[in-house]
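Chains as they are written, first to last, in my numbering: chain E, 44 to 594; chain C, 831 to 1488. Here is the structure we will look at.
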Amino acid sequence: MDRAADLGVDFVHVNGMTGELYFAEHMGGAAALLDIDNDGDLDLYLGQGHPLAQTTNTGDLSKAGPRDRLYRNDLDADGLRFTDITAASGLDARGYAMGVTVGDIDNDGDPDLYILNLGPNELWRNDSTPDAIRFTNITADSNTADPRWSAAASFFDLDADGLLDLFVGNYVEFRVSIHQQCASAEGVLDYCGPMAYRSEPNRVFRNRGGGVFEDWTARLAVGDLERPTLGTVAADFDGDGWTDIYVANDLEPNALLLNQAGTGFVDDAALAGAAVDASGQPQASMGVLAEDFNGDGMVDLFMTHLHRETNTLYLNQGHGLWDDNTRASGLGRPSYAFTGFGTAALDYDLDGELDIYVANGAVKRIEEQFRTGEPLPLRQRNQLFRGLGRGRFEEVPAFEVPAVSEVSRGLAAGDLDNDGDRDVVVANNNGPARVLINQGKPGASRWIGIDLRLPGLEGNPTGRRALGARVGVLEEGSSDGRGWRRFHTDGSYAAANDPRVVLPVSVERPTVIVSWSDGERESFQPVGPGRYVTLVRGTGRTPAPHTSPAP
Amino acid sequence: MNGFSAPGLLPRWTLAAALSVAAAPGFAQQVLEPVEQPRMDHYEEPVQAQLTTAQAALEDLLEASEQDVTGLTRAFGHLGQLYLLHDFMAPAAAALRNAETLDPEDPRWPYFLAIYHIFEGHLEEAVAALDRVLDLTPGDLAARVRRGDTLFDLNRIDDAEAEYRRILSLNPNHSAAHFGLGRVEFQRGGLQSAIERFRTALRGQPEGSVVHHHVGLALRRLGRREEAADELNRNEHVRVAFPDPLFASLQRLNVSREAYFKRGTQAMRSGDLQEALLAFQGADEALPNDSITLFNLGMVLIELGDKARAEERMRSAIEFDQDYREPHFNLALILAERNDLRGAEHHFRRATEIDPEDLEARVRLAEVLSRLDSLNEAIELLEEVLAIDQALPMAQLALGAAHQAAGDRDAARTALLNVLEAAPGAPRERAEAHYRLAVLADSGLSGSGPTETTEAIGSPSGPGETDPEAHLQQAIALDHDFAEAHALLGRVLARREQYGEAASHFGRALARDPANARWHGDRAMALVLGKRYQAARGALVSGRGALASAGATPTEALDHLDTLLARLLAASPMPGTRNGVEALAIAQRLMAERPTIQHAETLAMALAEIGDFERAVSMQRQVLAEVARRGDKPTTGQEQRLRAYLNNEPAREPWFSP
């Protein structure tokens, strides 16, 4: 159920629409869940828009204008409550937010914030102390102000130097000054599609340390593929110990950029079978997930798409091959009538199978809503798909799903109340943000929550979160894990997620296996279920050789 | 807040069909559905008129005292099609169901209903509608293909297979059915047989490139990765088409500008420029004086090479929307190409004013300013661009060129090296940068570009410069057809007395630009220096022919080749190549048209070759006198040739030595 209002999240997104139907205005709606103050609960960032000015993307940046907001989670024994701490935090972000990603760029153990804008992006370093939350804008010094329309980004360790580098997915060259008027088939003014504008190249920023990045786009030849990117997700797709990037493009083939040991990327999507759908056509990919959806230990891919396309599930067959398994998965037909954006893989009922939440919202006018005079006639209901195992799903009946029927865009998932089930924040375009608290399911199995950290620097007990790792549970009598989940913040659309992993467990002291981003494995036997534990690399045991396929 | 402009709400316009028709004789048991009227007040005029007419026709029939069932059926059906076309899905379905109710024997109505269901993802309903079509017209192959595909999407693989096989029993060459069967076989793991099916489909319809994707997937599964990659890369996402007369008739009903646009852009993508032209002309008729349509027409005309009409359309587009960047930009490109640099400057400036963040327009403006010798402004502009995006290769390249033109060798080299550093993924820009670096190295700079006279083919390169050959080889490796790079490499190699390779590179340059007189001359010179006199003669003759067929008038370009040919005919060391009479005729003509020192020397050579040494000596003395009158010193060759003629010997030394 949506509890935004009573939890203190009063954020209302403003897309700044003026009736001109600027292409960018119906695409925004960003949300991030991150534990800013390391107090063990998730705080909330929400990205804002504003009226677009005539000649620039940055619009009216007067101090009185709308701005991005930051909410601190004050979870305690009395329950969940958010407090707006934007002003005190120093986060004075007034760009036209289109997305967000989260990563610890300076390995100091707290998450930093990279805001994707229509216009220069912003890197905000988290300088919080136990006493105060504080963000500092280090965009200029960090060299990360990509001026393009950025829609997605992933922090990942490109070259295994221990520092998080940054992949930025850019969309199209849109500015108010080059706005085009597009019409529906009947000649009625409507939002344009991406083909009305030139695609922008993606960028890679390598972290040199000290909060400074260098643009390695040309060096890695990443900019060669100019396709309109809306989603990115970083994972080791080929199991070689180097983190790769999957790039979801709008109406163009997707890219699977395999990391060549930090020296470049090779796009293997076409040969891998993950560039276009089963019919051989590119789809309008928006949000993207990388998880093991069929329980075979390998990372699969799920993408949300346009109305009259299906959402698509690519199953990893191993050996670099993927198959579009949408038709058999049950995810295709129910999505046909919707335009999906944000998405989250979450085991909402803690039955051990991943479920999928999809935030929908049209991009072309819906006649019925238009007829009734709605100013933004793009509303569609969100959907939840229950995992049945082996990569099969069924749509949860609409009456069982929180009744969000708005122009949903960003979707961030995380356990806001630390009760073991993942909650959802929906960032709606030109409307209120929704905070959907998972009420749990009676009789659900026991769980254990895992936070993963690298060893700390300079005496810190823990370092940055170990993005890119995978976590599974070791079954008794088995040499390998099951129920593998990825530890990440990226994916979805315009959102950053709670990286923590929740695993259902059947024994009191389960053994947890962690496969770190470089492929090294370690096993841990944390304390009992029903709580979150932090596992630090190097403090577990090296497990027996495993037999499951490479991720 | 203000999004879609939403004027006052229209009342739901519901046809009285249910009541009227139910009351008509013979229809007492039939209940027709109400059909909602969509809002049309914002539609462009042709669409509105079309829909209004169709609705009015239906209303008239419903209000008539006697029911015209045939007319009503047609009216509901027509309106249903229009609604379907314009995405009014619920009213479309209602109207089409009414048409089918009124005339269950007409297969069109269930067919369009099936299309509606497919659009909406109601696959079972689509199959049911297609079943009704096939009950009426079992031979309708389009309906069978749609049924097979829908069954496949429903994962009813056996049923889909049966349908595809039925189609092949009726038409064994049906590509869509072969493709469908291939997918069925692939689904069942019969990879080899699937590939065979796919290849059969491709033989019937090679343009259906999406089939390559499926072949690639099957090959990939068979472990044949290289073949698979090749096939997958050939997928240009063109679907397997099949004759579908009803669907085509539906699409032809669309008179909106958008429909014409769609046809136009599809035609552009498939390279059918004439079809694109027709489509955009249709859009122009549907909505006259529309700047976007005019701009698109201009773009098609550019592709068709009709720059003059393209220019007109771009100007018209600007007339109707002065702040439309694209026509300003493209008009400027056209003007720059035909050397109207002031006009180009004006329109590039407008493009940058309209969109100050359009870096490409700023770079183009700077290029034009460079050509106008406004080098300081050009450099300033480019530095501004690079301050915004330091990795923009075209800006670095233009900056290099501007510095080169301004004579700032070091700055030019720095900018060009930046292109190489910053643009590994921009082969064209990198090739151009290598070429310009080679020019810098070759010329000793001063902004003059590469050596341009045939005499200079034998001259040494500037002192202290990097070897240009490496840059030129890189440029050619990046762009095999880079004519200027081939030509310059030819000159560099000729200087190193690698005449055979030099001639080969001039030949490759000429393959790209057969009307370049200078390169024909350079090639002939390289052949002469390589002692391939006969080949040189052939090269000059064919060069002349190429220039003539390119419409070259007898100006300097032809003069140049004629001079070389006359000298070769007069002074070639190989007897079989010489022809004094022909040489004399050419030389006399050249001298009559343009009495220059060069032509006088050529005439002296020809006179000597026919044995008229007296006149040859006289002519050569006139040459030396003219050289002295100008305050110059005669060349060694000029003096040697005079001595030869005095000794009654014709010229037999290379005549171009410095």
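From the three backbone atoms N, C-alpha and C, an ideal C-beta is built for every residue, glycine too. In this text, all values refer to a predicted model and were calculated from it rather than measured experimentally.
Residue range of the alpha helix (DSSP H) that includes C/Asn1248:
1239–1252
Report the start-end ranges of each beta strand (DSSP E) in the stretch 151–218 of chain E that is 3 residues or longer and not cut off at the edges.
155–160, 162–169, 178–180, 193–199, 208–213
State the beta-bridge partners of C/Val1457 as determined by DSSP.
According to DSSP, which records beta bridges pairwise, C/Val1457 is partnered with nothing at all.
Taking the runs of the beta strand (DSSP E) that are 3 residues or longer, which of them lie wholly in the stretch 431–506 of chain E?
435–438, 451–457, 466–471, 477–479, 489–498
Under 8 Å Cβ to Cβ from C/Leu1399, same chain only, skipping five residues before and after it: list those, please.
Arg1367, Thr1407, Arg1408, Asn1409, Gly1410, Glu1412, Ala1413, Ile1416, Ala1436, Glu1439
Quick one: which chain E residues come within Cβ less than 8 Å of C/Arg1490?
Residue 1490 of chain C cannot be examined here, being either before or after the span of chain C that is shown, 831 to 1488.
Chain-ordered residues of the stretch 997–1029 of chain C with a beta carbon less than 7 Å from chain E
none
Comparing C-alpha positions only, which one of C/Phe1028, C/Asp1352, C/Leu1195 sits nearest to C/Arg1325?
C/Asp1352
Own chain, CB closer than 6 Å to C/Leu1246, minus 5 neighbours either side, in chain order
Gly1230, Ala1263, Arg1266, Leu1267
Taking C-alpha atoms, which residue in C/Gly1135, C/Gln1096, C/Arg1099, C/His1158 lies nearest to C/Leu1124?
C/His1158
With a 10 Å radius around its C-beta and 16 neighbouring C-beta atoms as the bar for buried, classify E/Ala304 as buried or exposed.
exposed
Please report the straight-line C-alpha distance between E/Asp53 and E/Ala130, rounded to a whole angstrom.
15 Å
Using CA coordinates, which residue listed in E/His531, E/Ile491, E/Trp490, E/Gly524 is at the minimum distance from E/Arg507?
E/His531
Can you list, in chain order, the residues of the stretch 374–387 of chain E whose Cβ is nearer than 7 Å to any Cβ on chain C?
Arg376, Tyr379, Ala380
Please return the same chain residues whose Cβ sits closer than 7 Å to the Cβ of C/Ser1146, not counting the five positions on each side in sequence.
Leu1124
Rounded to whole angstroms, what's the CA-CA distance from E/Gly142 to C/Asp898? Just pull it up for me.
59 Å
According to DSSP, E/Thr257 sits in a beta bridge with which residue or residues?
Note that residue 257 of chain E is Glu in the sequence shown here, rather than Thr. Paired residue(s): E/Arg249.
By the three-class DSSP mapping on this structure, what secondary structure does E/Ser322 have?
coil
To the nearest whole angstrom, what separates the beta carbons of E/Ser566 and E/Arg580, a pair I think is in contact under 8 Å?
12 Å between Cβ atoms; not a contact.
Beta-carbon separation of E/Val469 and E/Ala476 under 8 Å?
yes
Starting from the beta carbon of E/Ala183, find every residue of chain C whose beta carbon is closer than 9 Å, and list them in chain order.
Those within 9 Å of E/Ala183 in chain C number zero; the least Cβ separation is about 13 Å.
Partners in chain E for C/Phe918, counting only beta-carbon separations shorter than 7 Å:
Glu410
Considering only their Cβ atoms, is the gap separating E/Pro547 from E/Leu510 smaller than 8 Å?
no
Report yes if the C-beta distance between E/Gly404 and E/Leu421 is below 8 Å; otherwise report no.
yes
Got a sec? Which residues, its chain only, sit under 8 Å from E/Asp267 by beta carbon, not counting five neighbours each side?
Pro244
Report the residue ranges of all alpha helix (DSSP H) runs contained in full by the stretch 1148–1181 of chain C; include only those spanning at least 4 residues, in chain order.
1155–1167
Apart from the five residues just before and just after E/Asn180, which ones in its own chain have a Cβ nearer than 7 Å to its Cβ?
Glu165, Trp167
Neighbour flag for E/Thr187 against chain C, beta carbons, 8 Å:
no
Using the C-alpha atoms, what's the distance from E/Val450 back to E/Leu479?
16 Å
Assess contact between the stretch 219–226 of chain E and the stretch 255–275 of chain E, defined as three or more Cβ pairs (one per stretch) separated by less than 8 Å. Is contact present?
no
Count the C-beta pairs between the stretch 907–916 of chain C and the stretch 873–889 of chain C that are closer than 8 Å, then say yes if the count reaches three, no if not.
yes
Residue interval of the alpha helix (DSSP H) (run including C/Ile1306):
1298–1308
I need the straight-line Cα distance from C/Met1144 to E/Ser185, nearest angstrom please.
43 Å
Could you work out which residues of chain E lie near C/Phe949, taking near to mean beta carbons separated by less than 7 Å?
Arg351
Assign C/Pro1073 to one of three DSSP states: helix, strand, or coil.
coil
Between the C-alpha atoms of E/Pro498 and E/Leu87, what's the straight-line distance to the nearest angstrom?
26 Å
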